[in-house]
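>
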Amino acid sequence: GTPSWAVAAMIDYEPKAWFTLIFRWYGSVVPGIFIELILTLGLGFLAYWLDSQRIRMRDLVAFIDDPDEEIDGQMEIVDDKVHSLLIIPLGFLLIFRSNNAYARYWEGRATVGAMVRSCRDMMRVIASYCEGDDEVSQIERAELRRLINMIFALARQHLELPPSRRDLTVATMSMVTPNEAKVLKRVRNRVSIAGQWFSFRVNESVRAGRLSKMDVRLIEEHLSSLLAAWQAADKIVHTPLPYPYVQMLNILLVLFVFSAPFTFANRFGGFTPIMALLVAFALLGINAVAAEIENPFGQDANDLPLERFAAAVEEDTEIILRQRDPDTEKYEKFWGKRALHQRLLRDQQEQIAEADAAEGEALPGRFSRVGSRGFSLAGMASGQSGSARKRSSVSMRPRGSAPKVGAASAPQRPGGSPGGCAVAGCGANGVGGGPCQEAGPVMARATACAPQPPCSAGAPGRQGR
Numbered sequence: 100g101t102p103s104w105a106v107a108a109m110i111d112y113e114p115k116a117w118f119t120l121i122f123r124w125y126g127s128v129v130p131g132i133f134i135e136l137i138l139t140l141g142l143g144f145l146a147y148w149l150d151s152q153r154i155r156m157r158d159l160v161a162f163i164d165d166p167d168e169e170i171d172g173q174m175e176i177v178d179d180k181v182h183s184l185l186i187i188p189l190g191f192l193l194i195f196r197s198n199n200a201y202a203r204y205w206e207g208r209a210t211v212g213a214m215v216r217s218c219r220d221m222m223r224v225i226a227s228y229c230e231g232d233d234e235v236s237q238i239e240r241a242e243l244r245r246l247i248n249m250i251f252a253l254a255r256q257h258l259e260l261p262p263s264r265r266d267l268t269v270a271t272m273s274m275v276t277p278n279e280a281k282v283l284k285r286v287r288n289r290v291s292i293a294g295q296w297f298s299f300r301v302n303e304s305v306r307a308g309r310l311s312k313m314d315v316r317l318i319e320e321h322l323s324s325l326l327a328a329w330q331a332a333d334k335i336v337h338t339p340l341p342y343p344y345v346q347m348l349n350i351l352l353v354l355f356v357f358s359a360p361f362t363f364a365n366r367f368g369g370f371t372p373i374m375a376l377l378v379a380f381a382l383l384g385i386n387a388v389a390a391e392i393e394n395p396f397g398q399d400a401n402d403l404p405l406e407r408f409a410a411a412v413e414e415d416t417e418i419i420l421r422q423r424d425p426d427t428e429k430y431e432k433f434w435g436k437r438a439l440h441q442r443l444l445r446d447q448q449e450q451i452a453e454a455d456a457a458e459g460e461a462l463p464g465r466f467s468r469v470g471s472r473g474f475s476l477a478g479m480a481s482g483q484s485g486s487a488r489k490r491s492s493v494s495m496r497p498r499g500s501a502p503k504v505g506a507a508s509a510p511q512r513p514g515g516s517p518g519g520c521a522v523a524g525c526g527a528n529g530v531g532g533g534p535c536q537e538a539g540p541v542m543a544r545a546t547a548c549a550p551q552p553p554c555s556a557g558a559p560g561r562q563g564r
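In my numbering, the protein residues as written are 100 to 564.
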C-alpha cells in the first residue's frame, strides 16, 4: 500500500530556462484550476453563439417589458460597464490574499531555519561541555543527540500530517523506541513531551557531574528557541486566512470570470473562447498560487522540504558530535534502549544486595531514587572521569570542612565494590562522627551521620546504619 508518510520533494528549477518553466506540468497550479478553465472555455463558445444569434440580456429584459421594442444588435450580451465594477473589490481581495500568502510562506521558512539552528546549537554545547571520555559518557552524548533528532522529527510530522496519519513506525521515525511510541501515541502534543524527555536526560548528566548549571542554562535556552519556532510554525498551519475573506474572494472570482465572455463576445467574435480562457487563467491562477503557498507545510509539490531539513539535522549533529567522539556511530545501537546503563545498574544493585544478604543487613531506600526514574547515571564509579569524581566529592563536602584522612581508606565490600560509608574521623581509635560520604557505585550523595560507636571488625565501614 501507499506509505503513510510519503515524501514530496520541493521543486528545484533553473530561473532562466523560460521554456521549461512554461511547459512544466508538475508543481504548476494549472491542474488545480483545469476544470474551471474548461468550464470558462465552454461559456466562451456559448457567448459566441448567443452573439451570433443577436441574443442580448437587455433584449430579453426589454422583450418581457415590451415585445414590440426594436433590438440593437451592436450591444454586448451583458453590459460591460456593470461588469467592470466587480474588478475593484476583486482586485483588492486578490492582492490581499497574495501578500498574506507570501508572508506566511517566508515566515514558515524562517521558523524551520530557527529550529535547525537550535538543534545545531544544542548539539554543539553538549559535544563541547559534556565531560567524560569513557564509554558511558559517549553513550550519554549519543543519547542526547538521538533525542534532538527525535524532537525535530516529531515537529516535522506534526506540521506535515494530520493527527490520524502521524505514524511512529515509519522509517523516518526510527529513533523512537517502542516504549516511547506507546507513550507518544496517547498524547497529542508529542513535541513537548520529547522536549521534556530531553530535559530529564540533561538533568541526569548534571547529577552525574558531566554538565554544569551554566551549560544547562545554555542548552535550555536553545531548547526553548526550538519549541518557540515550532509553535510559530504550528500557528501558520492551524490559523488560515479568515474564512469571510476567502469566501468573498471566490464568489467575486466566479461572478467575474464566468460572466466575462458575455461582456466581449460582440467585440472579439470567434476569439471569445480564447479571451475568456486567458482571463480565467490569470485571475484563477493567481488565487490558486496564493492558496498553494499560504500553508508551506505539507506534502504538496511547493511546500517546504522538511525531509531535507531533517536529514540536515541528523547529519550536522553527527558531524558535530564526531569532533568529540570519533567513534560515536558504534554507540547508536544503544539509542533509546539504555541497555548498557540498565545492565550496569542491575549488576551493581545485585552486588550490593548479595553483600547485604551475606552480612545479614538490609539497605532500605538505597535505590529508591533510581527506581522512581527507571535509570540514573549519577556518580557511576565506572563511568565518571577523574575530574568529575573529584568535583562531585568536593561539592558534597559540608561548607568549611576539610577532607579527613580516614575517609580515604574505606574498606571494600565483597566483590570489589567500595564500602557503604567512609566515615570521616574513623581513624585508629575507631570512633566516628560528623559528616560522611556514601561512596556507592551508583549514586554518590552526601548524608549526615550522627555520632557513631566504635567501628566493629565484623562490619567495617558500616557503623551508623
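Idealized CB from N, CA, C, for every residue including glycine.
Is the CB-CB distance between Leu140 and Pro372 below 8 Å?
yes
> Say whether the region 120-137 touches the region 372-388, bearing in mind that this needs 3 or more beta-carbon pairs closer than 8 Å, one atom from each stretch.
Taking 8 Å as the limit for Cβ pairs, the verdict is that the region 372-388 does touch the region 120-137.
> Fully enclosed by the region 289-366, which alpha helix (DSSP H) runs are 4 residues long or longer?
289-306, 312-337, 342-358
> DSSP on Trp124, reduced to helix/strand/coil?
If DSSP states are grouped into helix, strand and coil, Trp124 belongs with coil.
> Using the three-state DSSP reduction, which class does Lys284 fall into: helix, strand or coil?
helix
> Using 8 Å as the Cβ pair cut-off and three pairs as the minimum, do the region 338-352 and the region 239-257 touch?
no
> Starting from Asn394, trace the alpha helix (DSSP H) in both directions and tell me its first and last residue.
Run containing Asn394: none; DSSP gives neither H nor E here.
> Check for me: the alpha helix (DSSP H) holding Ala116 runs from which residue to which?
That residue, Ala116, is in no alpha helix (DSSP H); it is neither H nor E in DSSP.
> Exposed or buried, Ala457, counting other C-beta atoms within 10 Å across all chains shown (16 or more means buried)?
Exposed is the call here.
> Excluding the five sequence neighbours on either side, which residues of its own chain have a C-beta within less than 6 Å of the C-beta of Thr210, listed in chain order?
Ala328, Ala331, Ala332
> So what does DSSP say about Arg203, is it helix, strand or coil?
If DSSP states are grouped into helix, strand and coil, Arg203 belongs with the helices.
> Thinking C-alpha only, which one of Gly207, Tyr228, Asp179 is nearest Ser304?
Tyr228
> Use the C-beta contact count for Leu184: other C-beta atoms within 10 angstroms, 16 or more gives buried, fewer gives exposed.
exposed
> My output table needs one value for Ser183: the three-state DSSP class, helix, strand or coil.
helix
> In the DSSP assignment, find the unbroken alpha helix (DSSP H) run with Phe251 in it and report its ends.
234-259
> In three-state terms, what does DSSP make of Ser273?
coil
> From Val286 to Leu193, what does the alpha carbon distance come to, in whole angstroms?
So the alpha carbons of these two residues sit roughly 40 Å apart.
> Where does Pro372 sit, in a helix, a strand or coil, going by DSSP?
The answer is helix: DSSP assigns Pro372 an H, G or I state.
> Measure the alpha-carbon distance for Ser291 versus Met214 and round it to whole angstroms.
14 Å
> According to DSSP, is Met109 helix, strand or coil?
coil
> Am I right that Ala146 and Pro360 are in contact with their C-beta atoms under 8 Å? What's the rounded C-beta distance?
About 4 Å separates the two Cβ atoms, so the contact holds.
> Taking the alpha-carbon of Arg423 as reference, which of Arg223, His182, His257, Lys429 has the nearest alpha-carbon?
Arg223
> Can you tell me whether Thr427 is buried or exposed, with buried defined as 16 or more other CB within 10 angstroms of its CB?
buried
> Taking 8 Å as the cut-off, does the region 308-318 touch the region 263-270 (at least 3 CB pairs, one atom from each stretch)?
The region 263-270, when compared against the region 308-318, does not touch it at the 8 Å Cβ threshold.
> State buried or exposed for Gly369, treating a residue as buried only when at least 16 other CB atoms are found within 10 Å of its CB.
Taking all protein chains in view, the Cβ of Gly369 is surrounded by fewer than 16 other Cβ atoms within 10 Å, so the residue is classified as exposed.
> How many Å lie between Leu326 and Asn288 at the Cα?
In a straight line, the C-alpha of Leu326 is about 11 Å away from that of Asn288.
> Out of Ile250, Pro188, Ala307, state which residue places its alpha-carbon closest to the alpha-carbon of Glu230.
Of Ile250, Pro188, Ala307, the residue nearest in Cα terms is Ala307.
> Quick one: residues in its chain with C-beta nearer than 8 Å to the C-beta of Lys312, no 5 flanking neighbours on either side, listed in chain order?
Val305
> Give the range of the alpha helix (DSSP H) segment to which Ile418 is assigned.
405-423
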